[in-house]
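These notes are about the structure you will find just below.
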Amino acid sequence: MSKLNETDIQGFVLRGYNQPVARYFFLHFESAARARSLIGRLLSHVTTGQRWDGAKPQSTVNIAFTHRGLERLELPDATLLSFPVEFQQGMKHRAEILGDCGVNSPEHWDKVWCEDRVHAWVGINGLTPEALDARSSAVLSAIEETDGAIVLGSQDAAAEVVQGRPTTREHFGYTDGFGNPDYLGVERSSQPGQGKLQPDGTWVPLATGELLLGYADEAGELPIAPVPHLLANNGTFMVYRKLHQNLATFRDYLDKRAATYGGGKEKLAAKFIGRWRDGTPIELSPDHPDPAIVQDRNRSTNFTFGADAQGARCPIGAHVRRVHPRDAFGFNGRLIDRRRITRRGLPYGRFVPEGEPVSDAEERGIIFMALNASLSRQFEFVQQQWIQYGNDARLGNDKDMLIGNHGGHGRFVVQGDDSRTNPPLVCTNLPDFVELRGGDYFFLPSITALGMIAMGLVDPR
Amino acid sequence: MPNKNGSVYGLTILSPIIDDARATPSHDLQIRNYLAKLSTREDSPFALAPATHLARLVVMDDVIYVGAPACEEHLKSKYLIFESNCDGDLDGYLRGLADNIPEHLDAIWKHCVGYPGAANRQAFIDYMKACQLDTTFYFAAVNDKSVSETLRALQTQTAVADFIATHQGVDAATLQQEFIQFVARLKSLPLPRPGSMGPHRDIKTGGRNE
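Top line first, the protein sequences correspond to chains A and B. Residue numbering for the first sequence follows the numbering used here, starting at 2 and increasing by one per position. Residue numbering for the second sequence follows the numbering used here, starting at 205 and increasing by one per position.
Spelled out as structure tokens, the structure:
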């Protein structure tokens with residue numbers, strides 16, 4: 002596998018920008034011609050995957066389309082119909098498959114996602130709020146000058162800043178963003194535990210086709226992609242989900258459960274996720290957080306569950322073990338290599354320190370974005386089988402503790418052992434800690450494909 | 205020999221479907237229509253009759269020609285395929301089907317060549333065995349337990365899990381007392397009906413998850 006053409010791939014696909022502020026615009030196209038001229042204008046803004054050898058740019062811009070958006074851009078029918086079915090349908094239509102029912106069902110989503118009018122997502126990341134505002138204004142001017150789209154709404158997101166430095170913590174207090182996979186050909190500072198597991202215990206990058214269209218995937222096949230190839234190559238699919246976090250409910254539940262748990266509150270919080278709140282993998286350090294592990298690139302993601310089959314250290318249903326089971330299903334982890342996703346995203350809403358009054362009703366949560374070559378084989382499988390169900394982990398109908406759709410029922414088992422500080426615990430009557438407030442499936446095209454769309458040159462023949 | 209994996213029997217039956225140009229609709233269509241309307245839950249025929257872990261009924265029309273360079277071949281007949289992972293000896297299992305769901309068996313197999321009806325037990329058993337193929341490569345994913353043992357185990361697991369969840373932190377004396385009562389109650393519970401243990405899930409079958 003030779004090096005990828007980073008100048009043709011949107012930067013958002015290849016790397017997490019680690020920029021602390023972001024704004025996502027949701028656009029509606031009215032006229033194909035005007036929308037195409039807008040895309041042409043935005044092309045000069047779009048950040049590619051080229052490495053930043055000097056300083057980071059002050060801001061970045063990326064763009065993606067819903068199937069409805071591509072239809073409105075008047076791509077040929079033969080192209081539109083060649084997209085995978087789940088992308089054509091969109092996330093709302095997939096609610097039943099994804100378990101997006103109850104409080105998560107589309108009738109409870111934000112208005113912008115209920116109306117089927119979102120045609121494009123423009124994501125802007127900034128190093129500073131000023132840089133974000135400046136780039137947003139430039140994008141909005143392009144929209145205005147071309148009359149290319151209506152801005153249906155926007156979503157701001159920002160990392161929590163502690164002592165002047167952005168953190169990767171989310172609202173429940175967990176340090177997030179450890180486990181993105183490595184892919185062949187993507188130059189990225191990688192670390193053990195982020196690719197696929199080998200029989201000798203080492204980790205190597207996943208096939209490029211698990212992330213990008215036009216390359217072989219882990220089965221040696223090309224991912225299902227639209228025609229022509231040039232439209233698909235170096236593109237990927239993105240899931241956008243606005244996940245509201247019920248912080249008051251979470252804190253209250255953790256306090257109540259911890260009162261009867263011998264391991265203490267912080268250990269119980271760590272058992273939910275599989276990492277202590279500072280990010281230390283509980284599998285590597287079961288009794289206390291250990292900043293030395295978190296900071297050690299050779300250790301922070303480098304662990305397996307094979308020696309912990311009973312879940313005494315990391316519960317079998319802990320979030321990180323569910324969504325990235327590593328070797329937990331045997332066969333040297335090969336059963337999970339086609340179920341990996343790359344995650345992007347930032348929290349939104351005000352951070353509230355522990356102990357201060359907080360309400361579930363406040364706008365607060367995380368913008369979850371996942372990138373994968375196949376929405377149905379990767380994201381949808383993880384969501385349906387590993388988040389909303391437990392059979393693969395031999396947990397019957399149990400769902401993910403934190404993001405499962407429990408509706409006050411459900412169960413999370415902390416396996417533990419017979420020591421006083423690591424007792425077993427069964428958490429029941431689980432509330433919905435996280436609620437889905439909307440989102441959709443997007444196609445994130447290559448730079449070439451953006452040009453083809455802008456110029457009306459998409460030809461499926 | 206290869207029909208068993210541990211104590212679980214892997215039954216494969218191919219019954220030729222009657223080819224009668226005068227039948228309207230044709231016999232294979234009549235079978236398909238009947239099968240499509242069968243329940244897959246508690247009132248499935250295989251839940252009403254004992255000893256089935258998993259069963260599948262399929263109408264096989266023909267060998268599919270996939271184009272050159274494959275050679276074009278055809279079956280002599282359409283077949284009804286019946287596959288079942290079941291308990292115990294084959295005669296006892298077939299007798300259980302004939303005793304409990306004769307109307308379903310007759311409604312399906314009456315479209316097959318030479319079917320004698322379920323009312324004549326021995327003729328029915330002989331017919332099914334005459335249509336049997338050896339299951340030459342067979343793995344039963346059911347832990348080598350019988351259907352009743354599995355149902356009892358699921359019932360016990362659910363009940364014990366609920367007991368644990370509702371008795372965390374209870375003092376030892378109370379816990380012991382309540383556990384003894386719980387075990388007595390559990391033992392007296394009737395065996396759950398096959399198909400009744402899974403909670404209702406919205407996830408559909410038949411390719412609709414894709």
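For every residue, glycine included, the Cβ atom is placed at its ideal position computed from N, Cα and C. Here the structure is a predicted model, which means the values were calculated and not measured.
* Between the stretch 415-448 of chain A and chain B, which residues of the former have a C-beta closer than 8 Å to a C-beta of the latter? -> L426, V427, T429
* Mind checking which residues open and close the alpha helix (DSSP H) that includes Y331 (chain B)? => 325-334
* **Contact list for R412 (chain A) against chain B, beta-carbon separation under 8 Å** => A365, A369
* Asked: From the beta carbon of G300 (chain B), is the nearest beta carbon of chain A less than 8 Å away?
  -> no
* To do: Evaluate E7 (chain A) with the Cβ neighbour count: other Cβ atoms within 10 Å of its Cβ, from every protein chain shown; 16 or more gives buried, anything less gives exposed.
  => buried
* To do: Could you pull out every unbroken alpha helix (DSSP H) segment of at least 4 residues lying fully inside the stretch 62-131 of chain A, listed in chain order?
  => 68-73, 78-81, 86-90, 96-99, 112-115
* Asked: Quick one: what's V162 (chain A) bridged to in DSSP?
  -> A:P167
* Ignore the nearest five residues each way along the sequence and tell me which others in T49 (chain A)'s own chain have a CB closer than 8 Å to its CB. => E7, T8, D9, I10, Q11, G12, I448
* To do: Check whether the Cβ of Q359 (chain B) lies closer than 8 Å to any Cβ atom in chain A.
  => no
* To do: Taking a Cβ distance cut-off of 7 Å, strictly less, list which residues of the stretch 325-336 of chain B are near chain A, in chain order.
  => none
* Leaving out the 5 sequence neighbours to the left and right, which residues in its chain are closer than 8 Å to I404 (chain A) when beta-carbon positions are compared? -> L244, H320, I388, F434, V435
* Asked: For the ligand NAD, is there a heavy atom less than 7 Å away from the beta-carbon of D78 (chain A)?
  -> Because no ligand of any kind appears in the structure shown, any question about the ligand NAD cannot be addressed here.
* To do: Please decide whether G399 (chain B) counts as near chain A, where near means a Cβ-Cβ distance under 8 Å.
  => no
* Looking at the unbroken alpha helix (DSSP H) that takes in S392 (chain B), where does it start and where does it end? -> 376-392
* **Span of the beta strand (DSSP E), counted from its first residue to its last, around D291 (chain B)** => 283-291
* To do: Determine the extent of the beta strand (DSSP E) in which G439 (chain A) is found, giving its start and end residues.
  => 435-445
* To do: For Q385 (chain B), decide whether its Cβ has a neighbour in chain A, counting only Cβ atoms nearer than 8 Å.
  => no
* Residues near W110 (chain A) in its chain [Cβ-Cβ closer than 6 Å; skip 5 each side] -> R438, G439
* Could you give the distance in angstroms between the alpha-carbon of R118 (chain A) and the alpha-carbon of R37 (chain A)? -> 17 Å
* Kindly list, in the order they appear in chain A, the residues whose Cβ is closer than 8 Å to that of Q372 (chain B). => T261, L426, V427
* Residue closest to N303 (chain A), alpha-carbon to alpha-carbon, out of A:K57, A:T281, A:P193, A:P358 -> A:P193
* To do: Return the CA-CA distance between R421 (chain A) and Q311 (chain A), expressed in angstroms with no decimal places.
  => 17 Å
* Option in A:A270, A:F332, A:T209, A:I367 with minimal Cα separation from R341 (chain A) -> A:T209
* Are the CB atoms of G334 (chain A) and M370 (chain A) nearer to each other than 8 Å? -> no
* For G410 (chain B), does the count of other Cβ atoms within 10 angstroms reach 16, so buried, or fall short, so exposed? -> Any answer about G410 (chain B) is weak, because its pLDDT of 44 lies below 50 and its placement is not dependable; what the coordinates show is given next. Per the 10 Å Cβ criterion, exposed.
* Are the beta-carbon atoms belonging to I64 (chain A) and L451 (chain A) less than 8 Å from one another? -> yes
* Quick one: give me the first and last residue of the alpha helix (DSSP H) that N304 (chain B) is part of. => 294-304
* Close-in-space but distant-in-sequence residues of the same chain around V228 (chain A) (CB under 8 Å, 5 per side omitted) -> A79, T80, S83, P461
* Own chain, CB closer than 7 Å to Q234 (chain B), minus 5 neighbours either side, in chain order -> H315
* Asked: Can you check whether the CB of I329 (chain B) is closer than 8 Å to the CB of D295 (chain B)?
  -> yes
* Residue nearest to L232 (chain A) in terms of C-alpha spacing, selected from A:K4, A:P446, A:A455, A:R16 -> A:P446
* Is L279 (chain B) helix, strand or coil when you go by DSSP? -> coil
* **In chain order, each beta strand (DSSP E) run of at least 3 residues that lies wholly inside the stretch 177-254 of chain A** => 237-246
* To do: Report all residues from its chain with a CB closer than 7 Å to the CB of P220 (chain B); omit the five preceding and five following residues, and keep chain order.
  => S281, Y283, C316, V317
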